[in-house]
Every structure is written in C-alpha cells, then in structure tokens.
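A.B. asks: Handing you a structure now.
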Amino acid sequence: MNFFSNSRQFHKALAPWIFLPLFLSSITGLFYRVSKDLLGYSRDQVHWLMAIHEGEWLGDNGELIYVLLNSLGVLWMLITGFQMFSKTISFTKKVTKGESKG
Numbered sequence: 118m119n120f121f122s123n124s125r126q127f128h129k130a131l132a133p134w135i136f137l138p139l140f141l142s143s144i145t146g147l148f149y150r151v152s153k154d155l156l157g158y159s160r161d162q163v164h165w166l167m168a169i170h171e172g173e174w175l176g177d178n179g180e181l182i183y184v185l186l187n188s189l190g191v192l193w194m195l196i197t198g199f200q201m202f203s204k205t206i207s208f209t210k211k212v213t214k215g216e217s218k219g
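In short: position in the sequence shown from 1, add 117, done, that's my numbering.
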C-alpha cells in the first residue's frame, strides 16, 4: 500500500521523462495522418514522419524499447493519475458531507 501512497511523487518524477516521447509520437502520428489523408501526400513522401512516430530511427532493438517504454509510460500515467483523481473525488465527497478537512 505504501507504493500507491507514493504514486504522486512517482507520477511527478516520471512525467517530464515520459512527456517528450509521447508528445513526439502523437504529433508525428497526427501530422502523418493529416498529410496523407487530407493533404494528399503519398506514403513515401511522409514515411519519415512514421519513422519518427514508431522509433524506427533507433534501430530494431531501439524501436522495440521505444514502443515498450511509450506504452508503459502511458499506462503508468493513467494508473497513477486515476488514483490521484479518485483520492480527490473521495476527499471532495467527505468535505461536502460536512466532515473536517483534516
């Protein structure tokens, strides 16, 4: 249980490191899809965006690690974020019922 009580600190410590790869992946994925589908570029013209999106530029082993860490990062941020959110909701319910804030 102590692990989850420290999730706020873990979330805060990991968030900056997880932000950049996730941001890079989402922006390049978005630009790839918009360029290909809406702007009419061919797959070959925008493949460099997909290479960045999938981490191909890191090589075979690096690509696997990049995708794995991105996935684990999203899951970690969702789990710890949901836990912090649920604590906030339960705290709000206690305060609105008239219980003390302490």
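Even for Gly, the Cβ is constructed at its ideal location relative to N, Cα and C.
Since the structure is predicted, the reported quantities are computational estimates derived from the model, not experimental observations.
1) In this structure, how does DSSP classify residue 179 when only helix, strand and coil are distinguished?
2) Could you check if residue 205 is buried or exposed, using at least 16 other CB atoms within 10 Å of its CB as the buried criterion?
3) For residue 125, name the three-state secondary structure that DSSP assigns.
4) Would you check if there are 3 or more beta carbon pairs closer than 8 angstroms linking the region 187-199 to the region 133-140?
5) To the nearest angstrom, how far is it from the Cα of residue 123 to the Cα of residue 143?
6) Would you mind stating whether residue 175 and residue 149 have Cβ atoms separated by less than 9 angstroms?
C.D. replies: The short version:
1) The answer is helix: DSSP assigns residue 179 an H, G or I state.
2) Classification of residue 205: exposed, given that the 10 Å Cβ count is below 16.
3) Secondary structure of residue 125 (DSSP, three-state): helix.
4) Yes, they touch.
5) Per the coordinates, the alpha-carbon of residue 123 lies some 28 angstroms from the alpha-carbon of residue 143.
6) No, the pair does not count as a contact, with Cβ atoms beyond the cut-off.
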